[in-house]
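Enquirer:
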Amino acid sequence: MARVGGGVFPRPERSMRRLNLIAALLLAAAASACAPNPIIARDPIPAPGPTDVYACDSKPLPVNAFISDCKPVPASPQVVLRARG
């Protein structure tokens, strides 16, 4: 009596799946080996400091976009209030 689906040779679907997995792992390893420095997204313009003051004018555009025009303005001097009591 012969077994259904059995035999000496493995199923072609299983060997193709294993081959695809091995190829994907090799491709991922090759891609990581080609990039010795990780890619880190950084903002090219640093954020303004706490003493910097800007006046901005924003205009809406279609599709949820805006144009902003920011200009530095002179900062007002800090005021310290002291009370007797």
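Residue numbering for the sequence shown follows the working numbering, beginning at 460 and increasing consecutively.
Note that beta-carbon positions come from the ideal geometry of N, C-alpha and C, so glycine has one too.
This one's a predicted model, so the numbers in the text were calculated from it and none came from an experiment.
#1: Let me make sure I understand the geometry here. Which of 505, 512 and 530 has the alpha-carbon closest to that of residue 557?
#2: Return the CA-CA distance between residue 523 and residue 516, expressed in angstroms with no decimal places.
#3: Do residue 531 and residue 525 have their beta-carbon atoms positioned less than 9 angstroms apart in this structure?
#4: Expressed to the nearest angstrom, what Euclidean distance is found between the alpha-carbon atoms of residue 543 and residue 509?
#5: Inspect the beta-carbon positions of residue 514 and residue 529 and report whether they are closer than 9 angstroms.
#6: Just curious, the beta strand (DSSP E) that residue 534 is in, first and last residue?
Expert: The answer reads as follows:
#1: Here the chain covers residues 460 to 544 and nothing more, so residue 557 does not appear.
#2: Taking the sequence shown and counting its residues from 1, the one referred to as residue 523 is at position 64. Taking the sequence shown and counting its residues from 1, the one referred to as residue 516 is at position 57. Distance between the alpha carbons of residue 523 and residue 516 is about 16 angstroms.
#3: Sequence index remark: in the sequence shown, residue 525 carries index 66 (1-based). Sequence index remark: in the sequence shown, residue 531 carries index 72 (1-based). For residue 525 and residue 531, no; Cβs fall outside 9 angstroms.
#4: In the sequence shown, residue 543 corresponds to position 84, counting from 1. In the sequence shown, residue 509 corresponds to position 50, counting from 1. Each residue's alpha carbon lies about 30 angstroms from the other.
#5: Residue 514 sits at position 55 when you count from the first residue of the sequence shown. Residue 529 sits at position 70 when you count from the first residue of the sequence shown. Going by C-beta atoms, residue 514 is nearer than 9 angstroms to residue 529.
#6: On the sequence shown, position 75 is the one that residue 534 refers to. Where residue 534 is concerned, there is no enclosing beta strand (DSSP E), given that its DSSP letter is neither H nor E.
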